[in-house]
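**Q** The structure follows.
Chains as they are written, first to last, in this note's numbering: chain A, 875 to 1307; chain B, 16 to 334.
So this is what it looks like as structure tokens:
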């Protein structure tokens, strides 16, 4: 019996080992056949500089909606959106033929764009309406670094948690130039659009349902024409502004409607983890050179909306720090506190064409029965009315050897939202009984 | 009888050599046999004879006789072509690289200048121990204030180095002006220079606390900058005024010191403005925090503060 069991086990292992090359072969055959069948639906999207006639940026795209549109990322074609007099678009199909294209619709929040090609691309891809199962093999197509059309195999790992916007976690390695290309399942249906990379084998896709929504909206806006004539070019600046405004309005309205639970932080009670979309971290400062103790809590949204190079928006974060000392005198302690009293740096934009200079409102304010030094700074977006970057910084001034430095930062926020957010943040502060 | 005064050495503040010429003639040259010996290698061993001369009833007048034509002799800047030339009080005679100015003994001298320093300062500065003690006290106070108010890591080393560097700068400054005094007036007055430098430095110790308090009270970095420039300009003007007063015989030291200080502050301001980017992506705000024992402010109500955002938003839109 024992001998027989050993033989059975051995037979099973041999069968597994024998099957592995076949499994690998099956996988490569899937990728090969998918590439053969669907790569003709994928194009390279080029932004052409009108003056030099050469390409300035490249990305990928794919034909959808029966060939009516080519889908890609907003960031692939953003140069044309912001400077239509300087650039034009060109698509290059799998045979190397060029097709002129115009922008039909954009979704800046989800980083999507629909292009209207002058003629149809050879093959149109279909969108998948249902979500795959976690671990399903999926395949991404695109033209990385202008090296030619490629296919990459990876796994579907569900939607990214702690995010304001739905994004698919693709365990594969996207490269620059593949942005806007399709991610397809083994039957060739598009489940997502390549958008960004987060690290080694960590990439992100925009779910196909967002693209379907954009296609539906574009159809409604342009029921007859296959292309959007230049004379009827939509006001994309206004569309971007409206999208950003509505997005922040929804996010901050929900945030401000919630009852924030207060938790202890040093001698204070502060609102903590006020949104499920924020990632929070904490740490204690351990530095032997400092004669005070301090610890932090830091929460931030990982979402950034791309407007153009060096101009991102839609971020929200806050940072609490508690400091106390038994070794420094009160002047020395306040000197140390002053060094921590700095606004958070924002990376949304640093160009005067995009934003105005910060205007700050600094005062000593009575909060929770004690005096705080508060600095609130705002800068306006030049092209998008009633959208601002906002900074809040405050420090408690009534204790001799302990204090807190609280910071908050929001980019792309309206005046009403920023005012209400900062008022609620400051109004929620309380001292422990 | 008219007397001719010959002054050699004309630079402001330098003690001049004066010679009186009455009846007799006088020889000028590089050789030691002359009445006026000039140690100027461009002057001949026997260069000039200065004498008084008149024919018949003619009034006596002063003349120079050029004894060596290797280098030209200039009277009031013009070369003398002949061997003899008449001169008068008020003229200047240049031989080689030396200039002599002629005066009559009736030439009016400037009124006596009044000393600007108090008698206390003069008496105090005569005793070297006072400036030295004050200097040590100011340096020690600076170090203690720095440590007591701004140290956050308990390290003395940095403050020690900063104090020693500060002492070195004060000593070097006073020493520089002592050298200037030695060159221009043959009197270094190191004690005076150290005393005024230390006194000004002592007043300067109050600058940072005043700046911080003013910024904290007003929430304005502009006020702090204004105070810094005003303080710096006034202190530098006073310091230079006394430095020049002790080291030179310049008449209007206060005006000169004021002009220099204001000019220097203006240049520093212009340089800082040119260094500043035309567009700043960083917020500018008052970041000074003072502890409760020196905080006289009561605190604005939160609602009032939030309501004031509307103006800040309008400002950010350039409205």
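Beta carbons are placed, not taken as given, at the ideal position from N, Cα and C, and that holds for glycine.
For the alpha helix (DSSP H) that contains residue 1289 (chain A), what are its first and last residues?
**A** Position 415 of the first chain holds residue 1289 (chain A). Residue 1289 (chain A) -> alpha helix (DSSP H) spans 1289–1301.
**Q** Across which residues does DSSP place residue 1112 (chain A) in a beta bridge pair?
**A** Counting from 1 along the first chain, the entry for residue 1112 (chain A) is found at position 238. According to DSSP, which records beta bridges pairwise, residue 1112 (chain A) is partnered with nothing at all.
**Q** On the three-state DSSP scale, how would you describe residue 1000 (chain A)?
**A** Against the first chain, residue 1000 (chain A) aligns to sequence position 126. Three-state DSSP puts residue 1000 (chain A) in coil, outside helix and strand.
**Q** What separation, rounded to the nearest whole angstrom, lies between the Cα atoms of residue 281 (chain B) and residue 153 (chain B)?
**A** Counting from 1 along the second chain, the entry for residue 281 (chain B) is found at position 266. Counting from 1 along the second chain, the entry for residue 153 (chain B) is found at position 138. The straight-line gap from Cα to Cα measures roughly 29 Å.
**Q** Locate the beta strand (DSSP E) running through residue 1143 (chain A), then write down its first and last residues.
**A** The residue you call residue 1143 (chain A) lines up with position 269 of the first chain. Bounds of the beta strand (DSSP E) holding residue 1143 (chain A) are 1142–1145.
**Q** Nearest to residue 297 (chain B) by alpha carbon, out of A:1136, A:1279, A:1273 and A:1233?
**A** Position 282 of the second chain holds residue 297 (chain B). The shortest Cα separation from residue 297 (chain B) among A:1136, A:1279, A:1273 and A:1233 belongs to A:1233.
**Q** Between which two residues does the beta strand (DSSP E) carrying residue 1170 (chain A) extend?
**A** Locating residue 1170 (chain A) in the first chain gives position 296, where the first residue counts as 1. First-last of the beta strand (DSSP E) with residue 1170 (chain A): 1167–1175.
**Q** Quick check on this structure: which residue in B:217, B:316, B:238 and B:275 has the alpha carbon closest to the alpha carbon of residue 300 (chain B)?
**A** Here the question's residue 300 (chain B) lines up with position 285 in the second chain. When each option's Cα is compared against that of residue 300 (chain B), the closest is B:238.
**Q** List the DSSP bridge partners of residue 1253 (chain A).
**A** Position 379 of the first chain, counted from the first residue, corresponds to residue 1253 (chain A). In the DSSP output, where bridge partners are listed per residue, residue 1253 (chain A) has A:1263.
**Q** Any idea what DSSP makes of residue 235 (chain B), helix, strand or coil?
**A** Numbered from its first residue, the second chain carries residue 235 (chain B) at position 220. Correct three-state label for residue 235 (chain B): coil.
**Q** Which residues in chain B have a C-beta closer than 8 Å to the C-beta of residue 1272 (chain A)? List them in chain order.
**A** The residue labelled residue 1272 (chain A) in the question sits at position 398 within the first chain. Here the neighbours are 307.
**Q** Rounded to a whole number of angstroms, what is the C-alpha to C-alpha distance between residue 1149 (chain A) and residue 1263 (chain A)?
**A** As a position in the first chain, residue 1149 (chain A) is number 275, starting the count at 1. As a position in the first chain, residue 1263 (chain A) is number 389, starting the count at 1. Each residue's alpha carbon lies about 19 Å from the other.
**Q** So if I threshold CB-CB distances at 7 Å, which residues from the region 1235–1267 of chain A count as touching chain B?
**A** 1235, 1236, 1237, 1238, 1239, 1240, 1241, 1245, 1247, 1248, 1249, 1250, 1251, 1252, 1253, 1254, 1262 and 1265
**Q** Taking 7 Å as the cut-off, decide whether the C-beta atoms of residue 985 (chain A) and residue 1180 (chain A) are in contact.
**A** Position 111 of the first chain, counted from the start, is the residue given in the question as residue 985 (chain A). Position 306 of the first chain, counted from the start, is the residue given in the question as residue 1180 (chain A). Yes, the pair counts as a contact, with Cβ atoms nearer than the cut-off.
**Q** For chain D, find out if any of its Cβ atoms is closer than 7 Å to the Cβ of residue 321 (chain B); answer yes or no.
**A** The chain labelled as chain D is not found among the protein chains of the depicted structure, namely A and B.
**Q** Taking all protein chains shown into account, do 16 or more other C-beta atoms lie within 10 angstroms of the C-beta of residue 1283 (chain A), making it buried, or fewer, making it exposed?
**A** Position 409 of the first chain, counting from 1, holds the residue named residue 1283 (chain A). By the neighbour-count rule (16 or more Cβ atoms within 10 Å), residue 1283 (chain A) is buried.
**Q** Using the beta-carbon count (16 or more within 10 Å), is residue 148 (chain B) buried or exposed?
**A** Taking the first residue of the second chain as position 1, residue 148 (chain B) is located at position 133. That one is exposed.
**Q** Identify which residue in A:1270, A:1007 and A:939 has its Cα closest to the Cα of residue 1141 (chain A).
**A** Counting from 1 along the first chain, the entry for residue 1141 (chain A) is found at position 267. The option with the nearest alpha carbon to residue 1141 (chain A) is A:1270.
**Q** Measure from the C-beta of residue 1269 (chain A) to each C-beta in chain B and report whether the shortest distance is under 7 Å.
**A** Taking the first residue of the first chain as position 1, residue 1269 (chain A) is located at position 395. Closer than 7 Å to some Cβ of chain B, the Cβ of residue 1269 (chain A) qualifies, so yes.
**Q** Taking its Cβ as the centre, do 16 or more other Cβ atoms sit within 10 Å of residue 1066 (chain A), making it buried, or is it exposed?
**A** For the purposes of this step, residue 1066 (chain A) is taken as the residue at position 192 of the first chain. It is buried - the Cβ of residue 1066 (chain A) has at least 16 other Cβ atoms within 10 Å.
**Q** Taking CB distances under 7 Å as the criterion, tell me whether residue 1217 (chain A) reaches chain B.
**A** Reading the first chain from its first residue, position 343 is the one you call residue 1217 (chain A). The beta carbon of residue 1217 (chain A) sits closer than 7 Å to some beta carbon of chain B.
**Q** DSSP three-state label for residue 1008 (chain A), please.
**A** Within the first chain, residue 1008 (chain A) is the residue found at index 134, counting from 1. Assigned with DSSP and collapsed to three states, residue 1008 (chain A) falls in coil, not helix or strand.
**Q** According to the neighbour-count rule (16 or more other Cβ atoms, all chains shown, within 10 Å of its Cβ), is residue 990 (chain A) buried or exposed?
**A** Translated into the one-based positions of the first chain, residue 990 (chain A) becomes position 116. It counts as buried.
**Q** Look at the alpha carbon of residue 18 (chain B) and the alpha carbon of residue 272 (chain B), and state the distance between them as a whole number of angstroms.
**A** Residue 18 (chain B) sits at position 3 when you count from the first residue of the second chain. Residue 272 (chain B) sits at position 257 when you count from the first residue of the second chain. The alpha-carbon atoms of residue 18 (chain B) and residue 272 (chain B) are separated by roughly 39 Å.
**Q** Beta-carbon of residue 1344 (chain A) versus every beta-carbon of chain B: anything under 7 Å?
**A** This structure gives no information on residue 1344 (chain A), because the portion of chain A shown stretches from 875 to 1307.
**Q** Taking Cβ-Cβ distances shorter than 7 Å, what residues in chain A pair up with residue 234 (chain B)?
**A** As a working mapping, residue 234 (chain B) is identified with position 219 in the second chain. Those within 7 Å of residue 234 (chain B) in chain A are 1236 and 1237.
**Q** Tell me the DSSP secondary structure of residue 1208 (chain A) in three-state form.
**A** Along the first chain, one-based indexing puts residue 1208 (chain A) at 334. Residue 1208 (chain A) falls in the helix class under three-state DSSP.
**Q** Name the residue from B:113, B:89, B:76 and B:332 whose alpha carbon lies nearest to the alpha carbon of residue 45 (chain B).
**A** As a position in the second chain, residue 45 (chain B) is number 30, starting the count at 1. For residue 45 (chain B), the closest of B:113, B:89, B:76 and B:332 by C-alpha to C-alpha distance is B:113.
**Q** Please confirm if residue 1306 (chain A) has its CB atom under 7 Å from at least one CB of chain B.
**A** For the purposes of this step, residue 1306 (chain A) is taken as residue 432 along the first chain, with counting starting at 1. No, no contact with chain B.
**Q** Going straight from the alpha carbon of residue 1209 (chain A) to that of residue 166 (chain B), what length do you get?
**A** Position 335 of the first chain holds residue 1209 (chain A). Position 151 of the second chain holds residue 166 (chain B). If you take the alpha carbons of residue 1209 (chain A) and residue 166 (chain B), they lie about 8 Å apart.
**Q** Going by DSSP, what residue range makes up the beta strand (DSSP E) through residue 320 (chain B)?
**A** If you number the second chain from 1, residue 320 (chain B) lands on position 305. Run containing residue 320 (chain B): none in the beta strand (DSSP E); it sits in the alpha helix (DSSP H), 317–322.
**Q** Could you tell me whether the Cβ of residue 1175 (chain A) comes closer than 7 Å to any Cβ of chain B?
**A** Position 301 of the first chain holds residue 1175 (chain A). So, not an interface residue.
**Q** Near residue 310 (chain B), what residues of its chain come up, given a Cβ to Cβ distance below 8 Å and the 5 sequence neighbours on each side ignored?
**A** Counting from 1 along the second chain, the entry for residue 310 (chain B) is found at position 295. Within the same chain, residue 310 (chain B) has close Cβ partners 231.
**Q** In whole angstroms, what separates the C-alpha of residue 1280 (chain A) from that of residue 249 (chain B)?
**A** As a first step, residue 1280 (chain A) is located in the first chain; it is residue number 406 there, counting from the start. As a first step, residue 249 (chain B) is located in the second chain; it is residue number 234 there, counting from the start. Answer to the nearest angstrom: the Cα atoms are 40 Å apart.
**Q** Answer yes or no: does any C-beta atom of chain A fall closer than 7 Å to that of residue 298 (chain B)?
**A** Reading the second chain from its first residue, position 283 is the one you call residue 298 (chain B). Chain A contact via Cβ: present.
**Q** Rounded to the nearest angstrom, what separates residue 1089 (chain A) and residue 926 (chain A) at their Cα positions?
**A** Start at 1 with the first residue of the first chain, and residue 1089 (chain A) comes out as number 215. Start at 1 with the first residue of the first chain, and residue 926 (chain A) comes out as number 52. Going from the Cα of residue 1089 (chain A) to the Cα of residue 926 (chain A) covers about 33 Å.
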